[in-house]
Amino acid sequence: MRIALAEVAQETDSFSPLIADCSDFEAYGLYFGEEILERMRGVGPIGGFLEVAAEQPEPATLLPIVRAWGSAGGTITAETLDFLTERLVTGLRQSLPLDAVFLSLHGAAASAKEDDVEGHVLQAVREVVGREVPVVVAFDHHANITRRMVECADLLVGHETQPHDPPATGRKVARLLFRMLRGEIRPAVRWRKIPMITPQDQFLTSAGPMKEWFDLARQMETRRGVLDVSPYPMQPWLDVAEGGWSVIVHTDNDAALADSLAAEIADKAWSLREEFWRSERVAPAEAVRQADAAERGLVILSDTGDSVYGGAPGDSTCILKAMLEQGVSSLALVPMVDLEALSLAITAGVGAEITVDLGGKLDHVFSQPVRITGKVAAVSQGLVVDLLDRGICDLQRTALLAVGSIHIALLGHRSFAINHPVLYTHLGLDIADAKMVVVKTASNFQFFSRWRSGLIRVDSPGTTQSDLTAFDWKRIPRPTYPLDPLTDWRAN
Ligand SMILES: [Zn+2]
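Residue numbers (this note's numbering): 25 to 516.
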């Protein structure tokens with residue numbers, strides 16, 4: 025049994041001023057061939073796949089091709105997509121004959137030459153391996169599913185939870201694939217697009233309408249003959265031709281059942297559409313006031329408009345400005361991507377006082393630089409840290425700038441650790457001393473959960489802001505709720 029493995033994954037923010045090229049993938053580990061097996065144990069969907077593969081009574085020959093994970097960022101350059109596709113296609117050709125292909129894809133990537141990156145990749149894979157070889161995919165559930173993806177893949181399985189559990193999705197796909205290969209099941213796939221988008225405010229699957237919707241998927245999976253039900257609430261900053269939510273249902277050779285369940289669960293999302301737009305966002309100044317007035321820390325200030333995990337630049341000054349204006353007196357932790365300020369701080373050295381126009385350099389539209397004078401409290405020449413199921417993370421050089429009790433961690437790039445306590449602890453701070461921390465994510469608060477006393481979703485502007493109606497949508501299909509008046513949609 026010969027199974028090829030590959031990962032080509034990035035989440036694109038169409039409104040981000042950033043451009044994603046090979047360096048974005050290299051920053052998270054661009055691996056080829058056997059190196060993938062060494063590096064990806066326990067990491068991501070491939071890690072989950074490897075776990076299940078190792079449990080099989082008859083060991084398969086695994087042929088790892090390419091692992092390219094670029095987190096979230098701007099639109100991918102045409103050259104980068106060509107390079108990654110070429111490496112994948114060449115690797116597959118050299119690995120023939122194959123019994124199956126396992127892919128880890130995001131599903132919401134766009135490039136300068138191609139709106140539908142994953143459809144493009146899947147078509148290229150299908151052209152190499154032919155119609156008969158199973159091609160199975162672990163997707164991020166924030167994917168934008170397209171017709172071409174469904175046509176080119178046999179299984180399209182999304183994450184079951186937010187925060188994400190990528191290894192679990194890899195395991196789920198692997199179990200289904202090995203059952204296919206043993207001839208125990210024959211997946212029938214049916215799907216629906218749902219003409220809606222919603223902000224991230226209700227994206228957690230632990231409560232609210234997303235829980236209700238995902239619980240229905242889990243409940244459907246207990247029905248006889250149902251293999252997988254994957255709801256896809258598309259990440260809301262993707263302006264592409266087939267953009268919008270979707271659902272995919274896989275049954276064991278029962279297309280009629282798959283079709284009726286797909287319609288039912290699509291209708292469920294539509295019926296909850298107003299619930300998905302519920303929000304508890306707080307204006308930046310008020311959010312800082314509430315955090316400063318809290319009896320104890322740690323209050324997490326979610327900078328929803330500048331979510332690095334959603335593809336934003338990570339250099340918004342919006343919340344920092346409010347802190348400076350209010351002169352917060354408690355220890356406040358703020359991350360900032362600003363290579364220029366970082367270099368200045370490192371050159372000046374620990375103990376030096378510097379004045380700098382900070383942040384607002386990458387995103388000029390939603391944020392402007394703020395002039396600060398602060399003391400360089402610490403510098404680090406680099407740290408490579410193992411973030412377990414998120415893999416190895418290279419923080420590179422960092423520095424800590426203190427402006428009164430506000431401590432700003434300066435980064436030179438959008439490291440995954442931007443929302444991780446290690447960013448502050450490796451610069452000598454104790455999280456337990458802090459009253460508030462700004463995180464550049466709208467849902468991945470888990471890394472600070474040990475200290476968390478409160479959470480405030482800050483209604484900050486930016487390329488991942490929740491006010492989706494304010495963006496200049498150019499490519500998404502119309503009508504789409506709530507950009508257009510649309511009331512009488514039905515999945516059937
Ligand atoms: Zn996601």
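The C-beta atom is built at its ideal place from N, Cα and C for all residues, glycine as well. This structure is a prediction, so every number in the text was calculated from the model and none was measured.
- Linking L29 to H144 through their CA atoms gives a straight-line distance of about 17 Å.
- I442 is not a Cβ neighbour of V403, given a cutoff of 7 Å.
- Linking E298 to R514 through their CA atoms gives a straight-line distance of about 16 Å.
- In terms of Cα proximity to S295, the closest of V161, Y505, E35 is Y505.
- Within 10 angstroms of the beta-carbon of P158 lie 16 or more other beta-carbons, which makes it buried.
- Within the segment 194-245, the runs of alpha helix (DSSP H) at least 4 residues long that lie entirely inside it are, in chain order, 232-245.
- The segment 58-129 contains, as complete alpha helix (DSSP H) runs of 4+ residues, the segments 59-63, 68-78, 102-119 (chain order).
- Closest option to T36, judged by alpha-carbon separation, among G335, V361, V160: G335.
- The secondary-structure analysis by DSSP pairs D276 across a beta bridge with P211.
- A check of alpha carbon separations from A265 across D283, P219, L105, D48 identifies P219 as the nearest.
- H166 sits in coil when the DSSP states are folded into three classes, being neither helix nor strand.
- A direct Cα-Cα distance of roughly 34 Å separates D283 from P81.
- By the CB criterion at 7 Å, L122 and V153 fall inside the cutoff.
- The C-alpha of Q405 lies about 7 Å from the C-alpha of Q420.
- Taking C-beta separations shorter than 8 Å and ignoring five residues to either side along the sequence, the partners of L479 in its chain run V323, I324, S326, F469, following chain order.
- Taking 6 Å as the cut-off, the C-beta of D164 counts as close to a heavy atom of ligand 1.
- Contact annotation: I169 and S270 have beta-carbon atoms nearer than 7 Å.
- The DSSP-derived three-state label of G143 is helix.
- The shortest C-alpha to C-alpha distance from D178 to any of G486, V461, D252 is the one to D252.
- Between A290 and R216, the CB-CB gap stays under 7 Å.
- In the three-state reduction of the DSSP assignment, M360 falls in the strand class.
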